[in-house]
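Enquirer: For the sequence shown, the positions run -18 to 530 when my numbering is used.
One structure coming up, written as structure tokens, with questions to follow.
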Amino acid sequence: LKQRYSDFLVNEVSLSGKVVRLTTLDPPPEDAAEDTSWAEEVLPPETMEELNELVSGERTEKVTIDVTSMSKEERRQVHGLVRKNFPDLDSVTKDQEEGAKKLILVEKKAGRATGADGLPVRKTRKRRYWPFGRGNYTTFALYKENADTMEAVNMIASVLRFKPSCFAYAGTKDKRGKTCQLVSVYRVPARNLLGLNKRNWALVIGNVSYEEKGIKLGDLLGNRFAIILRDVVGSRGDIEEAVQSLSEKGFINYYGTQRFGTTSVSTQEIGRELLKGNYEAAVHLVLKPREGGNAQLSACREEWARSGDALKALSLLQHKGSIEGLLLQGLLKNGPKAFVCALLSIPRNVRLMYIHGYQSYIWNKVVSRRLRKFGLAVLEGDLVVPADVPGAVLESEEGKFSKQAEPTVVKDIAAATLGDVVLPLPGYSVKYPKNEIAEWYKEMLAEDGLTLDSFNNKNRAFAMSGCYRHIVTIPRDVTWEEVTYEDPSKPLLLSDLDALRGNTLPEQPGSGSHRGLRMEFSLPSSCYATMAIRELTRSDTTAWAAKAP
């Protein structure tokens, strides 16, 4: 699997249940402006004339508009009317001390001030003009190939000169694949984003819309996968039996290797040091040299390892918005030993990713030990949550669980199934099973020099409340078909971008020398298709095999 990244397609499933797809690169239709015809009545000809004089310079004093009788929303629309017709003017609402009058004062925008040296003085950036009636958040489909989500967002942010943290998304998608997901950013015109498609890079932006609310971490039901398994052997009956077993019984819900990073420095290592309070060690791990990856980042890491000089290392990066760049800037700004400040300068979701990596590592170890000792049995004292409760609810990053996601101790083990059993990711506000498994957590943490209290860090940026995860998950809407092919380099799946460009799959012979399996299925959020395929291809009941993890 993922021998060819074009054999692995991932499309996010939004909270509405819709599969997110890239279907258009056109800008959204012009937003219907709010009806402000009523507001024009408060700008009689003489007021309009005063505003025109203000723009031309014939008038220097402010123009006053009485809005005492208007609601806040009506005043907002008057501001919009002024700004729409007079972009060189600023308007602000003021309360009169006497008579409790409310006025809108309009004046010409100030020119850029200069200092004694004649150079412009940098001012706080004014809030950008935004048409009224348009949602405050620009939401778009981010399609990417062979790039992880953070890398893609960093690229966009760098070109637009935004901080990466300005962009929000429900979750990260794998690097090795072609993926599509929703991203939101506050008040960025569609044309600015769509203009990035002129660049020759591994991402495409489309399906832009304006929404009232931005996207938050966890705002997804799951993901829809389309996967090709190549060089399949075995009979059709064997394949059908294996797929049916996966569809009905599911698979052990391990965190995939993607959770821990794809380089020699794993997220779990960094997370462990953060939980131990070894912030200097955590910074050094992030900046540690490793094989592969971006040449500039490699040079930056090598310089840091050689000299420990943040300025020298940073100077090797053209784009400073990477995690490494932000860390180094944090050290330069706050001091060479200000490791906590440096870590706080990277996006929150990245810090969470490191600690989540360690929590996931412990969860995987606990599950493996349980299966070795007890098999698939439900145990006295197990924690259960109905299997149909969404993973996004169970694995809330804030640790705020609804009643449906709050686990209870199993009452009747004969009536319960392993599909209902959850195990906690360690944290300061989760319950642990009422059996020996609770002690396993303490033992495994102690091996790494940690305790359960390590998750309740006084620095709340590194505290983790914990969450729950089902031991077993079952794919939904599973479809499959056999394919034959001759040339292993030819694609067997059409991506969103292929479909948008009108591409078609190359014709394959009816009896090619290679057999493959084309599968589609949906999984809840934070569940890994690689684990499903591993179950499919390594099941003891199957007599067939394919190239898989």
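For glycine and all other residues, C-beta sits at the position ideal for the given N, C-alpha and C.
As the structure is a prediction and not an experimental result, all values here were calculated from the model.
Run through DSSP, which three-state label would L500 get?
Expert: With the sequence shown as reference, residue 500 is identified as Met, and Leu is not the correct amino acid for it. Reduced to three states, the DSSP call for M500 is strand.
Enquirer: Can you name the residues that DSSP bridges to I208?
Expert: Note: I208 sits in a beta bridge opposite F(-11), M500.
Enquirer: Provide the residue(s) that pair with K89 in DSSP beta bridges, ordered along the chain.
Expert: Paired residues: L70.
Enquirer: Taking 8 angstroms as the threshold (C-beta atoms), are A513 and F241 in contact?
Expert: No; because the gap between Cβ atoms is not below 8 angstroms, this pair is not in contact.
Enquirer: Taking the straight line between their C-alpha atoms, what separation do you get for L481 and E284?
Expert: One C-alpha to the other measures close to 43 angstroms.
Enquirer: Report the option in I327, V321, I418 whose CA atom is closest to the CA atom of L364.
Expert: Here the closest residue by C-alpha is I418.
Enquirer: Is the distance from the Cβ of A122 to the Cβ of L3 below 8 angstroms?
Expert: Contact flag set, yes.
Enquirer: Quick one: does L313 have its CB under 8 angstroms from some CB of chain C?
Expert: Looking at the structure shown, chain C is missing, and only one protein chain is on hand.
Enquirer: Suppose the cutoff is 7 angstroms on Cβ atoms and the five residues either side in sequence are ignored; what does the same chain contact list for L175 look like?
Expert: Only L6, P8, I186, V189 meet the Cβ criterion.
Enquirer: Helix, strand or coil for E254 per DSSP?
Expert: Looking at E254 - three-state DSSP - the assignment turns out to be helix.
Enquirer: May I have the straight-line CA-CA distance separating D(-12) from K439, to the nearest angstrom?
Expert: Each residue's alpha carbon lies about 45 angstroms from the other.
Enquirer: Can you tell me which of the three DSSP states N416 falls into?
Expert: Of the three classes helix, strand and coil, the one that applies to N416 here is coil, per DSSP.
Enquirer: Kindly indicate which three-state DSSP category T511 falls into: helix, strand or coil?
Expert: Here T511 sits in helix by DSSP.
Enquirer: Near L177, what residues of its chain come up, given a Cβ to Cβ distance below 7 angstroms and the 5 sequence neighbours on each side ignored?
Expert: Same-chain partners within the cutoff: I137, V140, I186.
Enquirer: For a test of the three-state rule: what should DSSP assign to H451, helix, strand or coil?
Expert: Of the three classes helix, strand and coil, the one that applies to H451 here is strand, per DSSP.
Enquirer: Since G408 and C448 should fall inside the 8 angstroms C-beta cutoff, what is the C-beta to C-beta distance between them, to a whole number of angstroms?
Expert: Right, their Cβ atoms sit about 7 angstroms apart.
Enquirer: With DSSP as the reference, please indicate the residues paired to P184 in a beta bridge.
Expert: According to the sequence displayed, residue 184 carries Leu and not Pro. For L184, which the question treats as bridged, DSSP gives the partners K125.
Enquirer: If I'm right that T130 touches S165 with Cβ under 8 angstroms, what's the distance once you round it to whole angstroms?
Expert: That belief does not hold up - the Cβ atoms of T130 and S165 are roughly 13 angstroms apart, past 8 angstroms.
Enquirer: For A207, which residues from the same chain have a beta carbon less than 6 angstroms from its beta carbon, with the 5 sequence-adjacent residues on both sides left out?
Expert: Result list for A207: L(-10), L474, E501, in chain order.
Enquirer: According to the neighbour-count rule (16 or more other Cβ atoms, all chains shown, within 10 Å of its Cβ), is G49 buried or exposed?
Expert: This sequence places Thr at residue 49; Gly is not what is there. Exposed is the call here.
Enquirer: Alpha carbon to alpha carbon, how far is I196 from E(-7)? Give it in angstroms, no decimals.
Expert: About 13 angstroms.
Enquirer: Identify, in the order they occur along the chain, each residue of the same chain with its Cβ nearer than 6 angstroms to the Cβ of W320, setting aside the five sequence neighbours on each side.
Expert: Reading off the sequence, residue 320 comes out as Phe, not Trp. Correct list, in chain order: Y260, E261, V264.
Enquirer: Which residue comes first and which comes last in the alpha helix (DSSP H) that contains C281?
Expert: Counting along the chain, the alpha helix (DSSP H) containing C281 begins and ends at 276 to 288.
Enquirer: Measuring straight from C-alpha to C-alpha, what distance separates T389 and A358?
Expert: T389 and A358: Cα-Cα distance of roughly 17 angstroms.
Enquirer: Quick one: what does DSSP say G96 is sitting in, helix, strand or coil?
Expert: For G96, the predicted model reports a pLDDT of 40, less than 50, meaning its position is unreliable; a value from the coordinates is still stated below. Note: G96 maps to coil in three-state DSSP.
Enquirer: Closer than 6 angstroms by C-beta to Y422: which residues in its own chain qualify, once you throw out the five before and the five after it? Chain order, please.
Expert: Answer for Y422: P407, listed in chain order.
Enquirer: Specify the secondary structure class of K269 as computed by DSSP and reduced to three states.
Expert: K269: coil per DSSP, three-state reduction.
Enquirer: Suppose contacts are defined by Cβ-Cβ distances below 8 angstroms. Is S326 in contact with G311 by that definition?
Expert: Yes. Within cutoff.
Enquirer: Buried or exposed: where does A128 fall if 16 or more other Cβ atoms within 10 Å of its Cβ makes it buried?
Expert: It counts as buried.
Enquirer: In whole angstroms, what is the alpha-carbon distance linking D369 and V214?
Expert: C-alpha separation (whole angstroms): 34 angstroms.
Enquirer: Return the CA-CA distance between Q543 and F436, expressed in angstroms with no decimal places.
Expert: Lying outside -18 to 530, the shown extent of the chain, residue 543 is not represented and no answer is given.
Enquirer: Give me whichever residues DSSP pairs with W461 in a beta bridge.
Expert: M500.
Enquirer: With which residues is Q162 paired in a DSSP beta bridge?
Expert: Partner(s): L123.
Enquirer: Throw me the rounded Cβ distance for the R157 and N117 pair, which I believe falls under 8 angstroms.
Expert: In fact, because the Cβ distance is near 35 angstroms, the residues do not count as touching under 8 angstroms.
Enquirer: Roughly how many angstroms lie between the CA atoms of R56 and F143, to the nearest whole one?
Expert: Answer to the nearest angstrom: the Cα atoms are 31 angstroms apart.
Enquirer: Could you tell me the alpha carbon to alpha carbon distance between H495 and S349, rounded to whole angstroms?
Expert: Spanning the two alpha carbons is a distance of roughly 35 angstroms.
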